[in-house]
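All residue numbers for the sequence shown refer to the numbering used here, where the first residue is 473 and numbers rise by one.
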Amino acid sequence: MTGLDPVVGFFALGLAAGFLRSDLKLSGGLMDTLSLYLLVAIGLKGGMELALVAEPGALLLPIAIAVLMSAGTPLLAYPALRFLGGLRRPDAASIAAHYGSVSVVTFAVGTTYLSGRGIGYENYLSVLLVFLEFPALIIGVLLAKGIGQGTDWRRLAHEVFTGKAIVLLVGSLAIGWLWGKDGASALTLFYGDLFKGFLTLFMLGMGVITAARFADLRSAGAFLIGFGIVVPVISAVGGVLIGWWLGLSIGGATLLATLYASASYIAAPAAMRIAIPDANPALSMGASLGVTFPFNLLLGIPLYHAMVEYLYRAAG
(Lines of atoms letter the chains of each structure in order from A and count residues from 1; the text may use other names and numbers.)
(Lines give C-alpha, C1' and ligand atoms only; values in the text may rest on other atoms or scores of the structure.)
Protein backbone atom coordinates (compact mmCIF):
# COMPACT_ATOMS: atom_id res chain seq x y z
CA MET A 1 0.00 0.00 0.00
CA THR A 2 1.03 3.62 -0.51
CA GLY A 3 3.02 5.35 2.22
CA LEU A 4 0.70 8.36 2.05
CA ASP A 5 -1.71 8.95 4.91
CA PRO A 6 -5.34 8.12 4.00
CA VAL A 7 -6.21 11.71 4.96
CA VAL A 8 -4.26 12.79 1.86
CA GLY A 9 -6.24 10.22 -0.14
CA PHE A 10 -9.48 12.00 0.75
CA PHE A 11 -7.96 15.30 -0.36
CA ALA A 12 -6.98 13.69 -3.68
CA LEU A 13 -10.54 12.34 -4.03
CA GLY A 14 -11.99 15.83 -3.58
CA LEU A 15 -9.41 17.23 -6.01
CA ALA A 16 -10.35 14.65 -8.63
CA ALA A 17 -14.06 15.32 -8.11
CA GLY A 18 -13.47 19.03 -8.64
CA PHE A 19 -11.50 18.56 -11.84
CA LEU A 20 -14.13 16.12 -13.15
CA ARG A 21 -16.84 18.70 -12.36
CA SER A 22 -18.68 16.26 -10.14
CA ASP A 23 -21.64 17.54 -8.13
CA LEU A 24 -19.78 16.46 -4.97
CA LYS A 25 -19.41 19.35 -2.55
CA LEU A 26 -19.56 20.11 1.14
CA SER A 27 -21.73 23.04 2.16
CA GLY A 28 -20.09 26.21 3.41
CA GLY A 29 -21.75 25.74 6.79
CA LEU A 30 -20.31 22.25 7.20
CA MET A 31 -16.83 23.41 6.15
CA ASP A 32 -17.00 26.23 8.70
CA THR A 33 -18.07 23.77 11.40
CA LEU A 34 -15.23 21.38 10.55
CA SER A 35 -12.67 24.19 10.57
CA LEU A 36 -13.91 25.30 14.01
CA TYR A 37 -13.60 21.71 15.24
CA LEU A 38 -9.99 21.45 14.01
CA LEU A 39 -9.01 24.74 15.64
CA VAL A 40 -10.50 23.73 19.00
CA ALA A 41 -9.03 20.20 18.88
CA ILE A 42 -5.50 21.43 18.13
CA GLY A 43 -5.61 24.18 20.76
CA LEU A 44 -7.12 21.90 23.40
CA LYS A 45 -4.50 19.21 22.85
CA GLY A 46 -1.69 21.73 23.09
CA GLY A 47 -3.13 23.18 26.29
CA MET A 48 -3.42 19.76 27.91
CA GLU A 49 0.20 19.03 27.11
CA LEU A 50 1.26 22.47 28.29
CA ALA A 51 -0.34 21.69 31.66
CA LEU A 52 2.12 18.81 32.01
CA VAL A 53 5.16 21.08 31.52
CA ALA A 54 6.79 21.69 34.88
CA GLU A 55 8.01 25.19 33.96
CA PRO A 56 5.88 26.79 31.20
CA GLY A 57 8.11 29.86 31.40
CA ALA A 58 10.91 27.80 29.90
CA LEU A 59 8.99 27.82 26.62
CA LEU A 60 9.12 31.61 26.30
CA LEU A 61 12.60 31.72 24.75
CA PRO A 62 12.04 29.02 22.09
CA ILE A 63 8.69 30.58 21.20
CA ALA A 64 10.26 34.02 20.89
CA ILE A 65 13.08 32.68 18.71
CA ALA A 66 10.76 30.71 16.44
CA VAL A 67 8.42 33.68 15.98
CA LEU A 68 11.28 36.13 15.36
CA MET A 69 12.89 33.89 12.76
CA SER A 70 9.55 33.34 11.02
CA ALA A 71 9.68 36.99 9.94
CA GLY A 72 12.24 35.92 7.36
CA THR A 73 9.57 34.30 5.17
CA PRO A 74 7.55 37.43 4.27
CA LEU A 75 10.73 39.50 4.02
CA LEU A 76 12.14 36.95 1.56
CA ALA A 77 8.89 36.52 -0.35
CA TYR A 78 8.13 40.20 -0.91
CA PRO A 79 11.14 41.19 -3.06
CA ALA A 80 10.82 37.97 -5.06
CA LEU A 81 7.18 38.73 -5.83
CA ARG A 82 7.76 42.44 -6.42
CA PHE A 83 10.89 42.46 -8.53
CA LEU A 84 11.16 38.95 -10.00
CA GLY A 85 7.43 38.36 -10.43
CA GLY A 86 6.60 41.94 -11.38
CA LEU A 87 3.54 42.06 -9.11
CA ARG A 88 2.06 45.29 -7.82
CA ARG A 89 3.14 46.36 -4.34
CA PRO A 90 -0.23 45.58 -2.68
CA ASP A 91 -0.38 42.11 -4.26
CA ALA A 92 3.24 41.29 -3.38
CA ALA A 93 2.74 42.40 0.24
CA SER A 94 -0.52 40.48 0.61
CA ILE A 95 0.91 37.24 -0.79
CA ALA A 96 4.02 37.63 1.39
CA ALA A 97 1.76 37.96 4.45
CA HIS A 98 -0.12 34.78 3.49
CA TYR A 99 3.16 32.86 3.23
CA GLY A 100 4.55 34.28 6.46
CA SER A 101 1.45 33.19 8.36
CA VAL A 102 0.62 29.51 8.88
CA SER A 103 -2.00 26.91 8.00
CA VAL A 104 -3.79 25.13 10.83
CA VAL A 105 -4.97 22.35 8.53
CA THR A 106 -1.47 21.67 7.17
CA PHE A 107 -0.29 21.43 10.78
CA ALA A 108 -3.11 18.97 11.53
CA VAL A 109 -2.13 16.79 8.58
CA GLY A 110 1.49 16.94 9.74
CA THR A 111 0.51 15.60 13.16
CA THR A 112 -1.43 12.71 11.61
CA TYR A 113 1.53 11.96 9.32
CA LEU A 114 3.84 11.65 12.34
CA SER A 115 1.33 9.75 14.48
CA GLY A 116 0.76 7.23 11.70
CA ARG A 117 4.48 6.47 11.74
CA GLY A 118 4.78 6.31 15.50
CA ILE A 119 6.94 9.45 15.63
CA GLY A 120 6.59 11.57 18.75
CA TYR A 121 6.73 15.35 18.87
CA GLU A 122 6.44 18.15 21.40
CA ASN A 123 2.70 18.74 21.72
CA TYR A 124 3.25 22.30 22.91
CA LEU A 125 4.04 23.16 19.28
CA SER A 126 0.38 24.13 19.00
CA VAL A 127 1.36 27.06 21.22
CA LEU A 128 3.77 28.10 18.47
CA LEU A 129 0.96 27.72 15.98
CA VAL A 130 -0.93 30.49 17.77
CA PHE A 131 2.00 32.90 17.85
CA LEU A 132 3.03 32.26 14.24
CA GLU A 133 -0.39 33.29 12.92
CA PHE A 134 -0.17 37.05 13.19
CA PRO A 135 3.39 38.58 12.96
CA ALA A 136 3.53 38.18 9.18
CA LEU A 137 0.18 39.97 8.82
CA ILE A 138 1.66 43.06 10.47
CA ILE A 139 4.77 42.81 8.29
CA GLY A 140 2.59 42.54 5.19
CA VAL A 141 0.86 45.83 6.04
CA LEU A 142 4.19 47.54 6.61
CA LEU A 143 5.47 46.30 3.26
CA ALA A 144 2.34 47.52 1.49
CA LYS A 145 1.88 50.90 3.13
CA GLY A 146 4.74 51.69 5.46
CA ILE A 147 4.29 53.42 8.81
CA GLY A 148 2.29 56.61 9.09
CA GLN A 149 0.37 56.41 5.83
CA GLY A 150 -3.13 56.19 7.14
CA THR A 151 -3.14 52.59 8.33
CA ASP A 152 -5.97 51.99 10.76
CA TRP A 153 -3.89 50.00 13.24
CA ARG A 154 -6.71 49.69 15.72
CA ARG A 155 -9.02 48.10 13.18
CA LEU A 156 -6.23 45.87 11.85
CA ALA A 157 -5.28 44.71 15.37
CA HIS A 158 -8.92 43.92 16.08
CA GLU A 159 -9.23 41.91 12.86
CA VAL A 160 -6.00 39.98 13.49
CA PHE A 161 -6.32 39.26 17.21
CA THR A 162 -10.07 38.65 17.36
CA GLY A 163 -10.34 36.54 14.20
CA LYS A 164 -11.87 33.11 14.73
CA ALA A 165 -8.55 31.29 14.25
CA ILE A 166 -6.77 33.20 17.02
CA VAL A 167 -9.77 33.29 19.39
CA LEU A 168 -10.41 29.54 19.17
CA LEU A 169 -6.75 28.53 19.29
CA VAL A 170 -5.92 30.78 22.25
CA GLY A 171 -9.20 30.04 24.03
CA SER A 172 -9.07 26.26 23.67
CA LEU A 173 -5.36 26.31 24.54
CA ALA A 174 -6.18 28.17 27.76
CA ILE A 175 -9.02 25.73 28.59
CA GLY A 176 -6.77 22.72 28.04
CA TRP A 177 -4.04 24.29 30.15
CA LEU A 178 -6.33 25.29 33.03
CA TRP A 179 -8.24 22.00 33.22
CA GLY A 180 -5.39 19.69 32.19
CA LYS A 181 -5.77 16.16 30.85
CA ASP A 182 -7.69 14.93 33.88
CA GLY A 183 -10.13 17.82 34.03
CA ALA A 184 -10.81 17.78 30.29
CA SER A 185 -10.85 13.99 29.96
CA ALA A 186 -14.54 14.00 29.04
CA LEU A 187 -13.60 15.81 25.82
CA THR A 188 -10.90 13.34 24.79
CA LEU A 189 -13.19 11.06 22.81
CA PHE A 190 -14.68 13.83 20.68
CA TYR A 191 -11.57 15.97 20.18
CA GLY A 192 -9.02 13.17 20.26
CA ASP A 193 -10.24 9.80 19.01
CA LEU A 194 -12.58 11.26 16.37
CA PHE A 195 -10.11 13.91 15.17
CA LYS A 196 -8.84 12.03 12.14
CA GLY A 197 -12.36 11.16 10.96
CA PHE A 198 -13.45 14.80 10.97
CA LEU A 199 -10.17 15.76 9.31
CA THR A 200 -10.87 13.40 6.39
CA LEU A 201 -14.22 15.11 5.74
CA PHE A 202 -12.57 18.52 5.85
CA MET A 203 -9.84 17.39 3.46
CA LEU A 204 -12.45 16.03 1.05
CA GLY A 205 -14.07 19.47 0.93
CA MET A 206 -10.70 21.20 0.63
CA GLY A 207 -9.87 19.07 -2.39
CA VAL A 208 -13.00 20.29 -4.19
CA ILE A 209 -12.25 23.92 -3.25
CA THR A 210 -8.60 23.64 -4.31
CA ALA A 211 -9.59 22.37 -7.76
CA ALA A 212 -11.73 25.47 -8.22
CA ARG A 213 -8.83 27.76 -7.25
CA PHE A 214 -6.50 26.63 -10.04
CA ALA A 215 -8.23 29.04 -12.42
CA ASP A 216 -7.16 31.96 -10.21
CA LEU A 217 -3.53 31.41 -11.19
CA ARG A 218 -3.92 32.11 -14.91
CA SER A 219 -3.30 35.83 -14.58
CA ALA A 220 -0.01 35.28 -12.73
CA GLY A 221 1.30 32.44 -14.85
CA ALA A 222 4.15 30.07 -14.17
CA PHE A 223 6.03 32.37 -11.79
CA LEU A 224 3.44 32.24 -9.02
CA ILE A 225 3.14 28.48 -9.37
CA GLY A 226 6.91 28.11 -9.00
CA PHE A 227 6.85 30.57 -6.10
CA GLY A 228 4.20 28.47 -4.34
CA ILE A 229 6.59 25.52 -4.33
CA VAL A 230 10.08 27.04 -3.98
CA VAL A 231 9.40 29.49 -1.14
CA PRO A 232 7.79 26.87 1.15
CA VAL A 233 10.77 24.56 0.66
CA ILE A 234 13.21 27.39 1.48
CA SER A 235 11.13 28.32 4.53
CA ALA A 236 11.06 24.68 5.62
CA VAL A 237 14.88 24.57 5.54
CA GLY A 238 14.85 27.46 8.01
CA GLY A 239 12.35 25.59 10.17
CA VAL A 240 14.52 22.46 10.14
CA LEU A 241 17.60 24.42 11.22
CA ILE A 242 15.76 26.32 13.95
CA GLY A 243 14.16 23.13 15.23
CA TRP A 244 17.57 21.47 15.43
CA TRP A 245 19.08 24.52 17.14
CA LEU A 246 16.26 24.59 19.70
CA GLY A 247 16.82 20.91 20.45
CA LEU A 248 13.42 19.71 19.24
CA SER A 249 12.84 16.04 18.52
CA ILE A 250 12.76 14.80 14.93
CA GLY A 251 8.96 14.97 14.98
CA GLY A 252 8.98 18.43 16.54
CA ALA A 253 11.44 19.81 13.99
CA THR A 254 9.37 18.28 11.18
CA LEU A 255 6.25 20.02 12.46
CA LEU A 256 8.08 23.33 12.84
CA ALA A 257 9.36 23.03 9.26
CA THR A 258 5.81 22.21 8.13
CA LEU A 259 4.49 25.32 9.87
CA TYR A 260 7.15 27.52 8.27
CA ALA A 261 6.38 26.01 4.85
CA SER A 262 2.61 26.42 5.11
CA ALA A 263 0.57 29.40 3.91
CA SER A 264 -2.51 30.81 5.60
CA TYR A 265 -5.91 30.82 3.95
CA ILE A 266 -8.05 31.52 7.02
CA ALA A 267 -6.57 34.36 9.10
CA ALA A 268 -4.55 36.09 6.37
CA PRO A 269 -7.35 36.63 3.81
CA ALA A 270 -9.59 38.22 6.45
CA ALA A 271 -6.85 40.55 7.71
CA MET A 272 -5.59 41.50 4.25
CA ARG A 273 -9.10 42.34 3.07
CA ILE A 274 -9.19 45.12 5.69
CA ALA A 275 -5.54 46.16 5.67
CA ILE A 276 -4.74 46.01 1.93
CA PRO A 277 -8.05 46.38 0.06
CA ASP A 278 -6.24 47.07 -3.24
CA ALA A 279 -4.70 43.57 -3.28
CA ASN A 280 -6.21 40.93 -5.56
CA PRO A 281 -7.31 38.03 -3.30
CA ALA A 282 -7.43 35.64 -6.26
CA LEU A 283 -3.63 35.72 -6.49
CA SER A 284 -2.93 35.05 -2.80
CA MET A 285 -5.66 32.41 -2.43
CA GLY A 286 -4.79 30.81 -5.77
CA ALA A 287 -1.15 30.42 -4.75
CA SER A 288 -1.68 29.37 -1.12
CA LEU A 289 -4.66 27.08 -1.66
CA GLY A 290 -4.15 26.07 -5.28
CA VAL A 291 -0.40 25.35 -5.19
CA THR A 292 1.23 25.33 -1.75
CA PHE A 293 -1.50 23.49 0.14
CA PRO A 294 -1.62 20.42 -2.17
CA PHE A 295 2.17 20.47 -2.58
CA ASN A 296 2.70 20.30 1.19
CA LEU A 297 0.15 17.53 1.60
CA LEU A 298 1.36 15.32 -1.24
CA LEU A 299 5.12 15.94 -1.25
CA GLY A 300 6.17 18.62 1.22
CA ILE A 301 5.61 17.01 4.62
CA PRO A 302 7.45 13.77 3.72
CA LEU A 303 10.24 15.91 2.23
CA TYR A 304 10.59 18.02 5.38
CA HIS A 305 10.66 14.86 7.50
CA ALA A 306 13.45 13.45 5.33
CA MET A 307 15.38 16.73 5.64
CA VAL A 308 15.15 16.60 9.43
CA GLU A 309 16.27 12.99 9.59
CA TYR A 310 19.24 13.73 7.34
CA LEU A 311 20.36 16.71 9.43
CA TYR A 312 19.96 14.87 12.73
CA ARG A 313 21.95 11.88 11.44
CA ALA A 314 24.69 14.14 10.08
CA ALA A 315 24.87 16.08 13.33
CA GLY A 316 25.24 12.85 15.30
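In this text, a Cβ means the ideal position worked out from N, Cα and C, and glycines have one as well.
Since this is a predicted model, take the numbers as computed values, not measurements.
Should Gly582 and Ile722 be called a contact, given that it needs their Cβ atoms to be closer than 7 Å? Mapped onto the sequence shown, residue 582 falls at position 110. Mapped onto the sequence shown, residue 722 falls at position 250. For Gly582 and Ile722, no; Cβs fall outside 7 Å.
Quick check: is any heavy atom of the ligand HEM less than 6 Å from the C-beta of Gly719? The ligand content of the structure shown is nil, which means the ligand HEM is not present either.
Determine the burial state of Arg685: buried for a count of at least 16 other Cβ atoms within 10 Å of its Cβ, exposed for fewer. What you label residue 685 is simply residue 213 of the sequence shown in a count that begins at 1. The residue is buried, with at least 16 neighbouring Cβ atoms inside 10 Å.
Give me, in chain order, the residues of the same chain whose beta-carbon lies closer than 6 Å to that of Ala488; leave out the 5 immediate sequence neighbours on both sides. Here residue 488 refers to the residue found at position 16 when the sequence shown is read from its first residue. Cβ neighbours of Ala488 beyond the five flanking positions: none.
By Cβ distance, which residues of its chain are closer than 8 Å to Gly677, with the 5 residues on each side in sequence left out? Here residue 677 refers to the residue found at position 205 when the sequence shown is read from its first residue. Counting only Cβ-Cβ distances below 8 Å, and skipping sequence neighbours, we find Gly486, Lys497, Leu498, Leu502, Met503, Leu506.
Among Ala747, Gly557, Leu769, Tyr784, which one has its Cα closest to the Cα of Val613? Translated into the one-based positions of the sequence shown, residue 613 becomes position 141. Measuring from the Cα of Val613, the nearest candidate turns out to be Ala747.
When the Cα of Leu615 is compared with those of Gly500, Gly698, Ile567, which residue comes out closest? For this step, residue 615 is matched to residue 143 along the sequence shown. Answer by Cα proximity: Ile567.
So, are the CB atoms of Ser542 and Ser736 less than 7 Å apart? Locating residue 542 in the sequence shown gives position 70, counting from the first residue. Locating residue 736 in the sequence shown gives position 264, counting from the first residue. No. Outside cutoff.
Residue of Pro534, Ala523, Ala565 minimising C-alpha distance to Met744: Reading the sequence shown from its first residue, position 272 is the one you call residue 744. Checked all of Pro534, Ala523, Ala565; the closest Cα to Met744 is Ala565.
Does the count of Cβ pairs from the segment 546-563 and the segment 725-742 closer than 8 Å reach three? no
As assigned by DSSP and simplified to three states, the class of Asp504: Here residue 504 refers to the residue found at position 32 when the sequence shown is read from its first residue. In the structure shown, Asp504 sits in a helix (DSSP, three-state: H, G or I).
Option in Tyr585, Tyr782, Ile647 with minimal Cα separation from Lys668: Taking the first residue of the sequence shown as position 1, residue 668 is located at position 196. Nearest C-alpha to Lys668: Tyr585.
Taking only three categories from DSSP, how would you classify Gly594? In the sequence shown, counting from the first residue as 1, residue 594 sits at position 122. One point to set straight first is that residue 594 is Glu, not Gly, in the sequence displayed. Three-state DSSP puts Glu594 in coil, outside helix and strand.
Using C-beta distances below 7 Å, list every residue in its chain close to Pro562, excluding the 5 sequence neighbours before and after it, in chain order. The residue you call residue 562 lines up with position 90 of the sequence shown. Cβ neighbours of Pro562 beyond the five flanking positions: Ala616, Ile748, Asp750, Ala751.
Kindly indicate the opening and closing residues of the alpha helix (DSSP H) around Leu727. The sequence position of residue 727 within the sequence shown is 255, counting from 1. Taken as a continuous stretch (DSSP letters only), the alpha helix (DSSP H) holding Leu727 covers 722-733.
Please report how far the alpha carbon of Ile465 lies from the alpha carbon of Asp624, in whole angstroms. With the chain represented from 473 up to 788, any question about residue 465 goes unanswered, as that position is not in the structure.
Gly558 by DSSP, collapsed to three states: which one? Counted from its first residue, the sequence shown places residue 558 at position 86. Of the three classes helix, strand and coil, the one that applies to Gly558 here is coil, per DSSP.
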